[in-house]
Structures are given as C-alpha cells and as structure tokens.
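Line by line, the protein sequences give chains E and R. Sequential numbering from 0 applies to the first sequence in numbering that gives the first Met the number 0. Sequential numbering from 0 applies to the second sequence in numbering that gives the first Met the number 0. Note sheet for the following structure.
Protein chains: 2
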Amino acid sequence: MAVVGLERKVKVAEVALRCLVCGLAALAAALVGTGSQTRTFFSLEKKARFTDMKALVFLVAAHAAAAGNSLLQLARCAAAAAMAARGSGNGGGSSGREAAVAWSVFSCDQAVAYVLMAVTAAALQSSVLGKRGQPQLQWMPICGLYGAFCRRVGEGLASAVAAGLASVLLAAVSAFNLFRLYGGRGKRSSGAGNGATTW
Amino acid sequence: MAVVGLERKVKVAEVALRCLVCGLAALAAALVGTGSQTRTFFSLEKKARFTDMKALVFLVAAHAAAAGNSLLQLARCAAAAAMAARGSGNGGGSSGREAAVAWSVFSCDQAVAYVLMAVTAAALQSSVLGKRGQPQLQWMPICGLYGAFCRRVGEGLASAVAAGLASVLLAAVSAFNLFRLYGGRGKRSSGAGNGATTW
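In structure tokens, the structure reads:
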C-alpha cells in the first residue's frame, strides 16, 4: 500500500476530530436540554428550563444537528475506507467525484464550525447576563434563584466550547483535504494543468 | 507573464474581500461606538451608550481590530505585488518562506473570521434581549426608551454581519492559498515529494 504518511495522519486526525465533535456536541445538547429546576415562591411554583432562553434553544438544536452530522460523516469515512481496502487496485476512483465530495464535506464542516461558534457565543452571552445581570438596564441576575440549573447549563456550555474548538480544527482539516486538490507545486511551470478545474 | 488564471482570480478576490472586510468592520465599529442617547426621566438624566452592554464593547473592539488587521494585510498584498512586479525574474522567492507567510495569513484570517462571527452572534443575542426583553426572567425591553440608540446599534449590527460573512469568505480564500501548497494531483505516484513539507 503506497499511502503517503501525511495523508494517513490527516485521515486519522479527521476521524478522531469527528468522534470528538460528535461526543462533545451530543453531551452539550444533552446537558443543557435536560436541565431544569423547579422552585416555589410564596406557593407559586416556577420552573427554569432551557426553553426560557432563546439562545439555549438554538444551542441545543445546533449541537444536536452537529452531532448527527458528525455521525453521518463518520459513516461516510468508514464507507470510503472500506471501499479503499476492498478495491484498492482501481486507483481510488475518478478525481472529479473526489473533488465534488471534498467540496460538499468542506462546505458542511465550515458551516458546522461557524454555526457552533455563533450559537455558543450567543449562549455564553445570555448566560453571563443570567449570572451577573445588567444593572444599567435593571436586568437582575437569576442564578441566585436557580443555582442547580445554572450549574448544569455551565457544564453544557463548557462542553459546547470544546465541541466548537474541535469543529474549527475539523474545518481546517477538510479545507486541507479540498484545496490540496488544487495543488500548485511547480505551478509556474506546469500551471496550465489547473485549467481543467472549474471555478 | 505566465500567471495562471485561477491564481490571478484568487488574488483579485482576496484584495476585494480584504477591502470589504476593512470598510464594513470599520463602519460597524464606528456606528455602534459613537451611538448614544440621553433621556430624562423625572428630572433624572440617563444616557444609553454601547459600554452599557459588554457584548457591544466586544463587538466594537473586535471590529476595530479586524479593520486594522485588514489594512495591514492589504499593505502586505501591495508589497508582495510590487516585489513580484519588480523582481519577477527570480522565480517568486523560496517556497519555504511562501509557506510560512501563507500559514501566518491563514491563522490570522481564520481567527478574524471566528472572532467576528462570535462577537456578532453575542451582540445580536444581547440586542434581541434589548429589543424584546425576556418576560420569563422579568427582563424588560429597553428599545422603547432608547429608540434612536437601538436603531443605530441595529445599523451597526447589519454592517457587522456583512463584515463577518466577508471575513468567512476571506478565510476560505486564505485556506486555499495555504493548502494548495500541499497539493496532491498525482499524489499516489509522486507523493513522496510531499515528504519535504514539515508537519
């Protein structure tokens, strides 16, 4: 098997990062999504749930979607590896199809990375407001009332931040997988060969 | 001049996107940073400024930094173009230095894109809270009181979203510029040539 060392390293990193994103995103969605706390104020029962804050709803939805997407991509990686192991004699398939797959994986991973970063930032912002309030606007902190719920959301957010960082690395890996197809070592001499790639 | 068409297109897109990011980020920082509104409630004077919300402070700081960074990068592009025009005979410099520059530009652009997306999401979240409040938490909306200030922040946020999208495209362009250096057309036959690149 004439597999280039760099290529193998990148494949291993990709699978590891996808597992990491899948696990951490699922954990974040589960921690935030299942947390709730009920308290009684003067015989009035009030319940804190993640649906009370739009940002947490987005967080749960985005991380659940990211976890599902990672699972699908892992299945794709496994299928590609199985195909490569079985039919390694036929040269790895057409490069046009390879580029199309790389483009779709790249777009997907970029979208996941940016969306996870954005929803995590928005949820962190909401949580800081919940923890500290905003005295200038007469918004009171609520974590004094719902301590257990706030701790649970905090754990979920830590997991969400880790999932976001992993997805950023993953986006870089899939950018590498895509753009090296447009590789240009010696592009000044044999650059005309790139004319076949469509832009 | 044997410049490849794809390479020239990418260069033009890079410069255009950098100009766009610079202008839009500076506009966003200026709109949000200079907005303020003073109102009098029962002889008590109150002033709304962006410093009342942490998320807006981050937004202004990040967009000002992104605009400055874009200016520096534009200067780098101009210097590289001038060098290429003057000394085009010497083959474009060593490829090791080219890779180092591409790595630093790539890291910078990725960081800018993620930071702009994150601070914009956080500021949007804060602004939605400011506009609608959060009745479950007894947080009252404030845009009824400070309408002009809220409109100004809204314009700034629109500009910030546009700057964020431009910086995302720019990050993809600089990923292209970096990773095609590790290009692998025909990597299965002549892949050993990639061994010289350090990972």
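For each residue, glycine too, the CB sits at the ideal point set by N, CA and C. Bear in mind the structure is a predicted one, so any value in this text is a computation, not a measurement.
Query raised in the report: Using DSSP with H/G/I as helix, E/B as strand and the rest coil, what is F40(R)?
Result: By one-based count along the second sequence, residue 40(R) stands at place 41. Three-state DSSP puts F40(R) in a strand.
Query raised in the report: Quick one: does V59(R) have its CB under 8 angstroms from some CB of chain E?
Result: Taking the first residue of the second sequence as position 1, residue 59(R) is located at position 60. No, V59(R) lies away from the interface with chain E (no Cβ there is under 8 angstroms from its Cβ).
Report task. Sort G132(E), A83(E) and D108(E) by Cα distance to L177(E) and report the nearest one. Result -> In the first sequence, counting from the first residue as 1, residue 177(E) sits at position 178. Per the Cα distances, D108(E).
Query raised in the report: In three-state terms, what does DSSP make of Q137(E)?
Result: Reading the first sequence from its first residue, position 138 is the one you call residue 137(E). Residue state, collapsed to three classes: coil.
Requested in this report: Report yes or no: is there a C-beta of chain E within less than 8 angstroms of the C-beta of V111(R)?
Outcome: Here the question's residue 111(R) lines up with position 112 in the second sequence. Cβ-Cβ to chain E under 8 angstroms: no for V111(R).
Query raised in the report: So T119(E) is in the alpha helix (DSSP H); what residue range does that whole segment cover?
Result: Counting from 1 along the first sequence, the entry for residue 119(E) is found at position 120. S94 to R131 is the extent of the alpha helix (DSSP H) around T119(E).
Query raised in the report: Taking all protein chains shown into account, do 16 or more other C-beta atoms lie within 10 angstroms of the C-beta of K8(R), making it buried, or fewer, making it exposed?
Result: What you label residue 8(R) is simply residue 9 of the second sequence in a count that begins at 1. Answer is exposed; the Cβ neighbour count stays below 16.
**Report entry** Residue-chain proximity (S237(E), chain R), Cβ-Cβ < 8 angstroms
**Finding:** No answer is possible for residue 237(E): it lies beyond the span of chain E, which begins at 0 and ends at 198.
Query raised in the report: Would a C-beta distance cut-off of 8 angstroms place Q124(E) and M139(R) closer than the cut-off?
Result: Working through the first sequence from its first residue, we reach residue 124(E) at position 125. Working through the second sequence from its first residue, we reach residue 139(R) at position 140. No, these two residues do not count as a Cβ contact at 8 angstroms.
**Report entry** Closer than 8 angstroms to chain E by CB, D199(R)
**Finding:** No answer is possible for residue 199(R): it lies beyond the span of chain R, which begins at 0 and ends at 198.
Requested in this report: Determine whether the Cβ of W102(E) lies closer than 8 angstroms to any Cβ atom of chain R.
Outcome: By 1-based counting over the first sequence, the position of residue 102(E) is 103. Judged by the 8 angstroms Cβ criterion, W102(E) is not in contact with chain R.
**Report entry** Segment limits, alpha helix (DSSP H) that includes V52(R)
**Finding:** On the second sequence, position 53 is the one that residue 52(R) refers to. Residue 52(R) is actually Met in this sequence, not Val. Looking at the DSSP string, M52(R) is not in any alpha helix (DSSP H), and its letter there is neither H nor E.
Query raised in the report: Going by other Cβ atoms of all chains shown within 10 Å of its Cβ, with 16 needed for buried, is S189(R) buried or exposed?
Result: As a working note, residue 189(R) is residue 190 in the second sequence. Residue placement at S189(R) is flagged as unreliable, the pLDDT there being 38, under the threshold of 50; the coordinate-derived value follows with that caveat. By the 10 Å Cβ count, S189(R) comes out exposed.
Query raised in the report: Does any CB atom of chain E fall closer than 8 angstroms to the CB of G182(R)?
Result: For the purposes of this step, residue 182(R) is taken as residue 183 along the second sequence, with counting starting at 1. Closer than 8 angstroms to some Cβ of chain E, the Cβ of G182(R) qualifies, so yes.
Query raised in the report: According to a CB-to-CB cut-off of less than 9 angstroms, which residues of the stretch 161-177 of chain E neighbour chain R?
Result: G163, V167, A170, A171, A174, F175, N176 and L177
Requested in this report: Please decide whether R75(R) counts as near chain E, where near means a Cβ-Cβ distance under 8 angstroms.
Outcome: For the purposes of this step, residue 75(R) is identified with residue 76 of the second sequence, where counting begins at 1. Chain E, which has no Cβ nearer than 8 angstroms to the Cβ of R75(R), makes this no.
Requested in this report: Name the one or two DSSP bridge partners that S35(E) has.
Outcome: The count along the first sequence starts at 1 and reaches residue 35(E) at position 36. In the DSSP output, where bridge partners are listed per residue, S35(E) has R48(E).
Query raised in the report: Is V172(E) near L16(E), with beta carbons less than 8 angstroms apart?
Result: Residue 172(E) sits at position 173 when you count from the first residue of the first sequence. Residue 16(E) sits at position 17 when you count from the first residue of the first sequence. Yes, they are a contact pair.
**Report entry** Cross-chain neighbours of A121(R) in chain E, by beta carbon under 8 angstroms
**Finding:** Taking the first residue of the second sequence as 1, we reach residue 121(R) at position 122. Neighbours of A121(R) on chain E, chain order: A120, A121, L123 and Q124.
Requested in this report: Determine contact between the stretch 145-160 of chain E and the stretch 158-172 of chain R, defined as no fewer than three beta-carbon pairs at a distance below 8 angstroms.
Outcome: no
Report task. Give the interface partners of A54(E) over in chain R, defined as CB-CB distance under 8 angstroms, in chain order. Result -> Along the first sequence, one-based indexing puts residue 54(E) at 55. Simply Q124.
Query raised in the report: Which of the three DSSP states, helix, strand or coil, is assigned to G163(E)?
Result: In the first sequence, the residue the question calls residue 163(E) occupies position 164. Note: G163(E) maps to helix in three-state DSSP.
**Report entry** Closest residue to K10(E) among A83(E), A63(E) and G22(E) (Cα-Cα distance)
**Finding:** Along the first sequence, one-based indexing puts residue 10(E) at 11. Considering only alpha carbons, the answer is A83(E).
**Report entry** Contacts of M116(E) in chain R (Cβ-Cβ under 7 angstroms)
**Finding:** Against the first sequence, residue 116(E) aligns to sequence position 117. Those within 7 angstroms of M116(E) in chain R are Y113, M116 and A117.
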